[in-house]
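Student: Below you'll find the structure I mean.
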Amino acid sequence: MAKQDMRIDVDFVDHPKTKRLIRQTGYEGFYCLMKLFSIAAKIYKRGELKNLDASDIEDLTGWTGEQGKLVESLLDPKICFLEQDGDLFIIHDWEVYQPWIYYSEKRSEKAKKAINARWNKEKEDTLNNSGNTQKETDDTTSIRNVYETYEGSNSPSPLPLPLPLPTPIPQPSLKNPPNPPAGGNGVEKKQKQGKQFVTEIEAYKLIESRTSGQYASMLKTFLKHRQQIKKPMTLLALEQTLDLLDKKLDSDQERIDCIQLSIANGWTGLIPERVKQARQPANKPSQFTLANEDRWKEYQEAHA
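For the sequence shown, the numbering used here begins at 17 and goes up steadily by one.
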């Protein structure tokens, strides 16, 4: 991904939240939202609009409508592109939808450490090579001193001892290459078997042996969803999915919500933690819950 890129979902312009924002603020409000995302990508990389109040946000984005209307709409629970924590405004789910930007500072710090480590290693290698060069120089000087000692005297000059010749490595004959004889067959390699995906009968049998009611129906819908997105499941994967839901979630309704969330967002896996987070007590419905309901309705309409 390019350094200056930010991610926008291809269905973002048709999302119910976007349509509500346009109904409340017009297309100028949509433009201001895009500009806010662009500013955050360059300056507020973690989505936290520090030291900005509502007026500052509207001024930065170029909003020319009624004062306070843009920020009020962005905070609307049914739109919720912005969240507020005390005096701090935060772009909703910025880490989820813009991970490249959100973690850019960590990547930069990691790159700096890697460069410093490489530089220190090169410096150390240079010092070691310098030490080896000095040692070779000392050895050469010693040999020359010995030669000068015997030069001009009647004593024979010391000759180097003959070194043993290296044993030749046998080379295969080009005339008789080490191939099997004509007509012979080598050991056949076993062909790797592909994944055995679970059949509908096997899957339904497993689901009905461990679940019932709406939970069982939602699991069957999840199987069809995986087939629709070209990610069919194996029997082992289905068993592990059931084990995960039993371990992480406390009730069938939580498990149904978890599966529904995955289907509505087109995911291949399940994230029980998101369901737990969404079910925490709050004064108003979370944007997570509202958005999930919208996407689930769209999925049901498309597959009715």
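No residue lacks a Cβ here, since even glycine has one placed at the ideal position from N, Cα and C. Being a predicted model, the structure only gives us computed values, none of them experimental.
Pull up the CB-CB distance for residue 37 and residue 46, whole angstroms please, since I reckon it's below 8 angstroms.
Tutor: Confirmed, Cβ separation roughly 6 angstroms.
Student: The alpha helix (DSSP H) that contains residue 53, what's its start and end?
Tutor: From DSSP, the alpha helix (DSSP H) with residue 53 extends over 32 to 58.
Student: Beta carbon of residue 63, beta carbon of residue 70: below 9 angstroms?
Tutor: Result no, Cβ atoms of residue 63 and residue 70 do not sit closer than 9 angstroms.
Student: Quick check on the DSSP output: the alpha helix (DSSP H) that includes residue 213 runs from which residue to which?
Tutor: Neither: residue 213 is in no alpha helix (DSSP H) and is coded neither H nor E.
Student: Ordered along the chain, which non-local residues of its own chain (more than five positions away) have a Cβ less than 8 angstroms from that of residue 22?
Tutor: The residues are 53, 54, 57, 114, 116 and 117.
Student: Does the region 87 to 94 come into contact with the region 126 to 138, if we say contact requires no fewer than three beta-carbon pairs (one atom in each stretch) closer than 8 angstroms?
Tutor: No contact exists between the region 87 to 94 and the region 126 to 138.
Student: Please report the straight-line C-alpha distance between residue 124 and residue 270, rounded to a whole angstrom.
Tutor: So the alpha carbons of these two residues sit roughly 39 angstroms apart.
Student: Under three-state DSSP, which class holds residue 106?
Tutor: If DSSP states are grouped into helix, strand and coil, residue 106 belongs with the strands.
Student: Taking only the alpha-carbon atoms, compute the straight-line gap between residue 234 and residue 268 and give it to the nearest angstrom.
Tutor: Each residue's Cα considered, the two are about 10 angstroms apart.
Student: Please report how far the alpha carbon of residue 119 lies from the alpha carbon of residue 108, in whole angstroms.
Tutor: Answer to the nearest angstrom: the Cα atoms are 16 angstroms apart.
Student: With DSSP run on the structure shown, which of helix, strand or coil describes residue 244?
Tutor: Helix, per DSSP.
Student: Within the continuous alpha helix (DSSP H) that includes residue 83, where are the two ends?
Tutor: No alpha helix (DSSP H) contains residue 83, which DSSP labels as neither H nor E.
Student: Just tell me which of 141, 289 and 230 has its CA closest to the CA of residue 272.
Tutor: Considering only alpha carbons, the answer is 230.
Student: Is residue 293 close to chain C? Criterion is C-beta to C-beta, closer than 9 angstroms.
Tutor: No chain C is present in this structure, which holds just one protein chain.
Student: With the cut-off set at 9 angstroms, would you say residue 260 and residue 275 are in Cβ contact?
Tutor: For residue 260 and residue 275, no; Cβs fall outside 9 angstroms.
Student: From residue 112 to residue 140, what distance separates their C-alpha atoms?
Tutor: Rounded to the nearest angstrom, the two C-alpha atoms are 42 angstroms apart.
Student: For residue 88 and residue 122, what's the separation of their Cα atoms in angstroms?
Tutor: Each residue's alpha carbon lies about 33 angstroms from the other.
Student: Since residue 250 sits in a beta bridge, which residues does DSSP pair it with?
Tutor: 213.
Student: Spatial neighbours of residue 311 within its chain, please: C-beta separation below 7 angstroms, excluding the five flanking residues on both sides.
Tutor: 280 and 281.
Student: In whole angstroms, give me the CA-to-CA distance for residue 42 and residue 77.
Tutor: Cα to Cα, residue 42 sits roughly 14 angstroms from residue 77.
Student: Count the other CB atoms within 10 Å of the CB of residue 127; is the residue buried (16 or more) or exposed (fewer)?
Tutor: By the 10 Å Cβ count, residue 127 comes out exposed.
Student: If you draw a straight line from the C-alpha of residue 79 to the C-alpha of residue 210, how long is it?
Tutor: The alpha-carbon atoms of residue 79 and residue 210 are separated by roughly 57 angstroms.
Student: Tell me the DSSP secondary structure of residue 68 in three-state form.
Tutor: DSSP places residue 68 in coil when its eight states are reduced to three.
Student: In the DSSP assignment, what are the bridge partners of residue 101?
Tutor: Paired residue(s): 104.
Student: What is the DSSP secondary structure of residue 92, counted as helix, strand or coil?
Tutor: In the structure shown, residue 92 sits in coil (DSSP, three-state: anything other than H, G, I, E or B).
Student: How about residue 254 and residue 277: do their beta carbons lie closer than 9 angstroms?
Tutor: It is not a contact, given that the beta carbons lie outside the stated cut-off.
Student: In angstroms with no decimal places, state the Cα-to-Cα distance between residue 265 and residue 219.
Tutor: Looking at the two C-alpha atoms, the distance is approximately 21 angstroms.
Student: Helix, strand or coil for residue 256? Go by DSSP, reduced to three states.
Tutor: Helix at residue 256.
Student: Do the CB positions of residue 66 and residue 104 come within less than 9 angstroms of each other?
Tutor: In contact: residue 66 and residue 104 (Cβ atoms closer than 9 angstroms).
Student: Residue 213 to residue 243, Cα distance in whole Å?
Tutor: So the two alpha carbons sit approximately 10 angstroms from each other.
Student: Looking only at its own chain, which residues have a Cβ that is under 6 angstroms from the Cβ of residue 248, when we skip the five neighbours before and after it?
Tutor: Closer than 6 angstroms at the Cβ level, and outside the excluded window around residue 248, lie 213 and 242.
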